[in-house]
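Just so you know, our numbering puts 442 at position 451 of the sequence shown, and the rest follows in order with no gaps.
A short worksheet on the structure shown next.
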Amino acid sequence: MTSLQRSRFWRVAAGLVVVAIFAAADLGLLHLGGLGALDRELYDGRQRMLAPVLDDRIVIVDIDERSLAEQGRWPWDRAKTGALAEALATRGRAAVVGLDVVFAEPQAGSDDDARLAAALAERPVVLGYYFSSDRGGRTSGALPAPVYQGEAASELAARLTHANGFGANLAGLQRAARGSGFFNPFLGAGLDPDGVIRALPLLAGYRDGVYESLAVAVLREYLGNATLAVRSDTFVLDGARGRVEIPVSAGFSAMVPLAGRGGASGGHFRYLSATDVLAGHVDWSLLHDRIVLVGTTAPGQTDLRATPVSEVFPGVEIHASLIAGALDGRLKQRPAEAPFVGALATLVVGGALALVLPALGAIGAVMVSVVAALMLVGINAIAYSNSALVLPLAASLATVLALGLFNVTVGWFVEGRARRAMEQLFGEYVSPALVERMARDPVNYLAVSTNRELTIVFADIRGFTRIAETMEPAALREYINTFLTGMTELIHAHRGTVDKYMGDAVMAFWGAPVEDPEHADNAVACALAMQNEVRRMSEEFVARGLPPLSVGVGVNTGVVRVGDMGSRRRRAYTVIGDAVNLASRLEGLTKRYEVPIIVGEGTVLRCRRYAFFELARATVAGRAESVRVFVPNVLRTSRHDPASKEGAPTVPLIVPDAAPRNAREALHEGSSPGL
């Protein structure tokens, strides 16, 4: 395993650890500050985007500052409160009146409690009360009868928030009212850790009974003494006026669809001042067959709550919003299984990224991370809008962000070092374009030694000793450099790799380090281009008074060993093997047969763009048997082309073949002219 591969292995391992940490946070096994806040802020942002639309089914009678100024400070005497309830029920003919207040203590020195009880009797009035779990189990007033008890209550117990105390209404008032429900949220069942109300509990447990909330009690009365049923994650109210199904969220609560800033100017519900109702200065038709909730928005009355849309939202309007959403069937759901869904998303998406990102470069890692984040956001938004599900997203997004930053940062340094090493190793061998391609994914171009079929080319200046004897050292150096520069540029242009320079010769190969299925054709094409370039150079040299240039080229294809080889002090990317030796011997045969290019049988078998003449069966050093040697059929010579006329010039002429034939067919046909 190379250092780069080891680095990627450890990056995958570290990424999987990060995924496990955030999945544990989804499940609540670890507390990572900020993740829960991000999920809550995402939900709150969606709530703030809801535009309020006036819902005239529900009217809020507000004990506002003007009411307190005109009618006296709260609590009012019970006779006045009874008059308010009687006016709403009789003159307003409300379908149900819900009082978001509690009468826990008797009013001393009067019979107003009895008057209030008389006003409540036989009228559709629902009282409110509260449960507590932090007051040492203190109780006051009388609880209504539980909606579930015994075995049914035991079955629901695990899903409910339980209280150990309460503040309820006087027994006489409780008996006179049509119903009662608790109006306060609980931590974990509506009241989130930040103190913001996003949901209200539908049921709560106290001792061996289960009790309904104010919103449920009002809905039951409005629907016509509706029956209650719990079906999996749905709470069903079925009455004479209709059926309502409420999706149950964690803590047996219901998400509240808040809209607008709340209050009389919020635009979601019609507000009437309580003092106007008492004075009869209202349009009573606005109350007919409506749900009327009585509450207070006056500062100092402790019923202004923090919600996603406002930090001072009327508590009574929270109940109104829940009732309206239940009637419309548009409540969102934060299921108890939401943490498991979030953890699963974190594991699936995060696990995939942990495995994939280490194999990508910096830009690729950024792009994949962005796509993954957008996918998570999109799926979460679809679940919210189409399936009404409120699912966690923060941990999954944090996983994507953490993995993306980690891999981009580490990859930038680790793979940057590998890229520089790649450029240093191959920069002298292959073209800049191929080096850039290899540097984008260095792990796929590791310089480890492997066996591979390649095509090898040797190009050597003929008669170099004689040339060297007639030239000054400086001129000879320029002569050689011009030749080697031209040959190198051609090798690079034909996707070849320069192996080494050997005095007046150059060795190159095709098919490594970048794989090339057409390595044989590209090598032959380069050999032909070399001869054209040599002829051009020779003409320039002669014009300058320098010796003419003649080059022999040997081409052979076979399986060789290619890779980074050498000693501990000096290494090079090179090839070794019998096919390399044969390519060198073929170059030497060009002198014997006086042709510019000789091609081995292995290359002929691999070529698809060129056809060949079989030149001869030749013996070469190091081989007991003779080898078949060929020349491309674009080469015409007087000595070896039977179609040439006797006495024609012996200088090779390079003429493109108009219709080259498949090399395998050519070999099977033998060495006849035109092969």
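Every residue, glycine too, gets a C-beta built ideally from N, C-alpha and C.
{"Check": "CB-CB length for residue 196 against residue 211, believed under 8 Å", "Outcome": "Actually they do not touch by this definition, with Cβ atoms about 19 Å apart."}
{"Check": "Proximity to residue 241 [Cα-Cα], best of 194, 12, 254, 274", "Outcome": "194"}
{"Check": "Residue 109 versus residue 61 - alpha carbon distance", "Outcome": "25 Å"}
{"Check": "Candidates 544, 560, 553, 556, of which the one nearest residue 589 by Cα", "Outcome": "544"}
{"Check": "Nearest to residue 133 (by Cα), restricted to the options 105, 165, 573", "Outcome": "165"}
{"Check": "7 Å Cβ shell around residue 612 - same chain, five flanking residues per side excluded", "Outcome": "576"}
{"Check": "Residue 490, DSSP secondary structure in three states", "Outcome": "strand"}
{"Check": "Terminal residues of the alpha helix (DSSP H) in which residue 623 lies", "Outcome": "Residue 623 -> not in any alpha helix (DSSP H); beta strand (DSSP E) instead, spanning 618 to 623."}
{"Check": "Bridge partners - residue 261, DSSP secondary structure assignment", "Outcome": "50"}
{"Check": "Member of 199, 309, 15, 356 whose CA lies at the smallest distance from the CA of residue 149", "Outcome": "199"}
{"Check": "Residue 748 - containing beta strand (DSSP E), residue span", "Outcome": "Any question about residue 748 goes unanswered here, given that the chain covers just -8 to 666."}
{"Check": "Residue nearest to residue 296 in terms of C-alpha spacing, selected from 374, 187, 362, 206", "Outcome": "187"}
{"Check": "Closest by C-alpha distance to residue 283, when choosing among 120, 79, 587", "Outcome": "79"}
{"Check": "Length at least 3, wholly inside the segment 540 to 565: the beta strand (DSSP E) runs in chain order", "Outcome": "542 to 557"}
{"Check": "Span of the beta strand (DSSP E) around residue 230", "Outcome": "225 to 230"}
{"Check": "Straight-line gap, residue 593 to residue 495 (C-alpha atoms, nearest Å)", "Outcome": "26 Å"}
{"Check": "Residue 53 vs residue 305 beta-carbon contact at 9 Å", "Outcome": "yes"}
{"Check": "Endpoints, alpha helix (DSSP H) assigned at residue 122", "Outcome": "Note, residue 122: premise wrong, no alpha helix (DSSP H); beta strand (DSSP E) at 116 to 123."}
{"Check": "Three-pair Cβ contact test at 8 Å for the segment 315 to 335 versus the segment 83 to 95", "Outcome": "no"}
{"Check": "Reduced DSSP category for residue 246 - H, G, I as helix; E, B as strand; rest coil", "Outcome": "strand"}
{"Check": "Alpha-carbon to alpha-carbon, residue 572 and residue 505", "Outcome": "22 Å"}
{"Check": "For residue 609, three-class secondary structure by DSSP", "Outcome": "strand"}
{"Check": "Close Cβ partners of residue 493 (< 6 Å) along its chain, the five nearest in sequence each way excluded", "Outcome": "none"}
{"Check": "Stretch-stretch touch, CB-based, cutoff 8 Å, three pairs: the segment 41 to 49 with the segment 246 to 265", "Outcome": "yes"}
{"Check": "Minimum length 3: unbroken beta strand (DSSP E) runs contained in the segment 466 to 525", "Outcome": "488 to 493, 496 to 501"}
{"Check": "Identity of the residue in 528, 76, 331, 337 nearest residue 271 by Cα", "Outcome": "76"}
{"Check": "Cα-Cα separation between residue 508 and residue 536, rounded to whole angstroms", "Outcome": "43 Å"}
{"Check": "First through last residue of the alpha helix (DSSP H) which encompasses residue 594", "Outcome": "592 to 597"}
{"Check": "Residue from 374, 373, 343 with nearest C-alpha to residue 360", "Outcome": "343"}
{"Check": "Residue 226 versus residue 244 - alpha carbon distance", "Outcome": "10 Å"}
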